[in-house]
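K.L.:
Numbering (my numbering), first residue to last: 44 to 315. By construction, the Cβ of each residue, glycine as well, lies at the ideal position given by its N, Cα and C atoms.
1) If we call anything under 8 Å between Cβ atoms a contact, is residue 159 one with residue 97?
2) Which class does residue 45 belong to by DSSP, given the choice of helix, strand or coil?
3) Closest to residue 282 by C-alpha separation, out of 61, 309 and 128, would be which residue?
4) State the Cα-Cα distance for the pair residue 49 and residue 94, rounded to the nearest angstrom.
5) From this set, 173, 80, 114 and 185, which residue's C-alpha is nearest residue 239's C-alpha?
6) Does the segment 210-218 touch the segment 164-179, meaning 3 or more C-beta pairs lie closer than 8 Å?
7) Quick one: using the 10 Å Cβ neighbour count with 16 as the cut-off for buried, is residue 284 buried or exposed?
8) Touching or not, the segment 58-78 and the segment 168-180, by the rule of three or more beta carbon pairs under 8 Å?
9) Could you tell me the distance, in whole angstroms, from the CA atom of residue 117 to the CA atom of residue 69?
10) So residue 92 and residue 144 are supposed to be a Cβ contact under 8 Å. How far apart are they, rounded?
11) With residue 60 as the anchor, note down where its beta strand (DSSP E) starts and where it stops.
12) Going by DSSP, what residue range makes up the beta strand (DSSP E) through residue 127?
13) What residues are listed by DSSP as bridge partners for residue 118?
14) What do you reckon, are the CB atoms on residue 114 and residue 140 nearer than 8 Å?
15) Between which two residues does the beta strand (DSSP E) holding residue 288 run?
16) What three-state label does DSSP hand residue 208 in the structure shown?
17) Using a Cβ-Cβ cut-off of 6 Å (strictly less than) and excluding sequence neighbours within five positions of residue 192, which residues of its own chain qualify?
18) Take the Cβ of residue 273 as the centre, count every other Cβ of all protein chains shown within 10 Å, and call the residue buried at 16 or more, exposed below.
19) So, residue 327 versus residue 155, is the Cβ gap smaller than 8 Å?
20) Return the chain-ordered list of same chain residues with a C-beta closer than 7 Å to the C-beta of residue 136, the five sequence neighbours on each side being excluded.
21) Less than 8 Å between the beta carbons of residue 4 and residue 303, yes or no?
22) Below 6 Å CB to CB, which residues in the same chain sit around residue 63 once its five sequence neighbours on both sides are set aside?
23) Taking just the CA atoms, how far does residue 142 sit from residue 211?
24) Could you round the C-beta distance between residue 276 and residue 244 to whole angstroms and report it? I think they count as a contact, below 8 Å.
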């Protein structure tokens with residue numbers, strides 16, 4: 044039996060991820076003990092701190108689902124690039140998944156190492172619609188195609204220009220209505236667009252201040268967007284309101300707020 048990770052809100056609640064290397068041993072049952080004797084002993088030792096035993100899994104999505112217990116998860120979307128997951132629960136489970144003061148989702152995030160966004164079905168649909176609209180606009184502008192072609196690419200699972208440019212050509216030839224000439228033209232346009240973006244990023248990196256470039260959480264893509272909006276220094280970023288930054292970068296309000304607070308940290312450095 045191995046404890047893989049642990050997250051605590053001392054004196055209130057803890058989550059512990061366990062795994063058994065012996066298929067005959069139930070890791071959760073072993074930790075809980077007969078009628079909860081083992082886990083209750085730990086709770087008593089910790090002055091009543093509630094302890095949740097979670098089954099660790101190599102599958103990050105499954106691990107997160109277990110970590111959010113006792114909430115029931117309806118669906119989950121994994122974003123490897125952002126190391127984040129959008130977890131959809133029904134309205135009855137929304138408060139349970141989040142927990143009092145956000146405790147349940149916060150501990151689950153600490154336990155798994157993933158950023159977890161809890162939302163109901165309506166919020167999920169709204170977010171997906173916004174992402175689809177943004178992706179459609181990207182394909183139409185950068186590939187110079189009409190809405191129908193853009194929607195066909197989206198329906199086939201293409202999510203960025205890199206995939207259009209570099210996936211095996213047969214994957215695109217398998218799309219109904221796409222012949223070799225069409226595919227080659229789309230790939231060429233995607234590569235040209237990527238090259239243009241790379242040049243723009245290089246120019247943006249040169250035109251913004253070093254303190255802004257060094258700010259944790261700022262990708263080259265975000266720096267390019269900030270530069271295009273006239274944000275060239277860390278103080279420029281720190282002066283922005285949350286809604287102004289979301290309009291520029293397309294980030295969520297939480298992501299924008301965290302970035303602005305990070306940019307403002309040097310204002311308070313050395314203050315007690």
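P.N.:
With the structure as the only source:
1) Residue numbering aside, residue 159 sits at position 116 when the chain shown is read from its first letter. Residue numbering aside, residue 97 sits at position 54 when the chain shown is read from its first letter. Result no, Cβ atoms of residue 159 and residue 97 do not sit closer than 8 Å.
2) Residue mapping note: residue 45 aligns to position 2 of the chain shown, counting from 1. Residue 45: strand per DSSP, three-state reduction.
3) The residue labelled residue 282 in the question sits at position 239 within the chain shown. For residue 282, the nearest C-alpha among the options comes from 309.
4) Looking up residue 49 in the chain shown gives position 6. Looking up residue 94 in the chain shown gives position 51. Between residue 49 and residue 94, the C-alpha separation is close to 10 Å.
5) Here residue 239 refers to the residue found at position 196 when the chain shown is read from its first residue. The candidate whose alpha carbon is nearest that of residue 239 is 185.
6) no
7) As a position in the chain shown, residue 284 is number 241, starting the count at 1. Answer is exposed; the Cβ neighbour count stays below 16.
8) no
9) Numbered from 1 along the chain shown, position 74 holds the residue referred to as residue 117. Numbered from 1 along the chain shown, position 26 holds the residue referred to as residue 69. Roughly 26 Å separates the two Cα atoms.
10) The count along the chain shown starts at 1 and reaches residue 92 at position 49. The count along the chain shown starts at 1 and reaches residue 144 at position 101. Going by Cβ atoms, the distance from residue 92 to residue 144 rounds to 16 Å, so no, they are not a contact pair.
11) On the chain shown, residue 60 is found 17 positions in, with the first residue counted as 1. Its beta strand (DSSP E) spans residues 56-62.
12) The sequence position of residue 127 within the chain shown is 84, counting from 1. Segment 127-131, the beta strand (DSSP E) holding residue 127.
13) Working through the chain shown from its first residue, we reach residue 118 at position 75. Partner(s): 131.
14) Taking the first residue of the chain shown as position 1, residue 114 is located at position 71. Taking the first residue of the chain shown as position 1, residue 140 is located at position 97. Yes, they are a contact pair.
15) Residue 288 sits at position 245 when you count from the first residue of the chain shown. Where residue 288 is concerned, there is no enclosing beta strand (DSSP E), although the alpha helix (DSSP H) it sits in stretches over 285-292.
16) The residue labelled residue 208 in the question sits at position 165 within the chain shown. Note: residue 208 maps to helix in three-state DSSP.
17) Locating residue 192 in the chain shown gives position 149, counting from the first residue. No residues qualify anywhere along the chain.
18) Counting from one through the chain shown, the residue named residue 273 turns up at place 230. Exposed: under 16 other Cβ atoms inside 10 Å.
19) The chain is shown only over 44 to 315; residue 327 falls outside these bounds and no answer can be derived.
20) Mapped onto the chain shown, residue 136 falls at position 93. Around residue 136: 114 and 115.
21) This structure cannot speak to residue 4, because the chain is shown only from 44 to 315.
22) Mapped onto the chain shown, residue 63 falls at position 20. Closer than 6 Å at Cβ, skipping near neighbours: 44 and 70.
23) Counting from 1 along the chain shown, the entry for residue 211 is found at position 168. Counting from 1 along the chain shown, the entry for residue 142 is found at position 99. If you take the alpha carbons of residue 211 and residue 142, they lie about 45 Å apart.
24) Residue 276 sits at position 233 when you count from the first residue of the chain shown. Residue 244 sits at position 201 when you count from the first residue of the chain shown. Their Cβ separation, rounded to whole angstroms, is 18 Å, which puts residue 276 and residue 244 out of contact at 8 Å.
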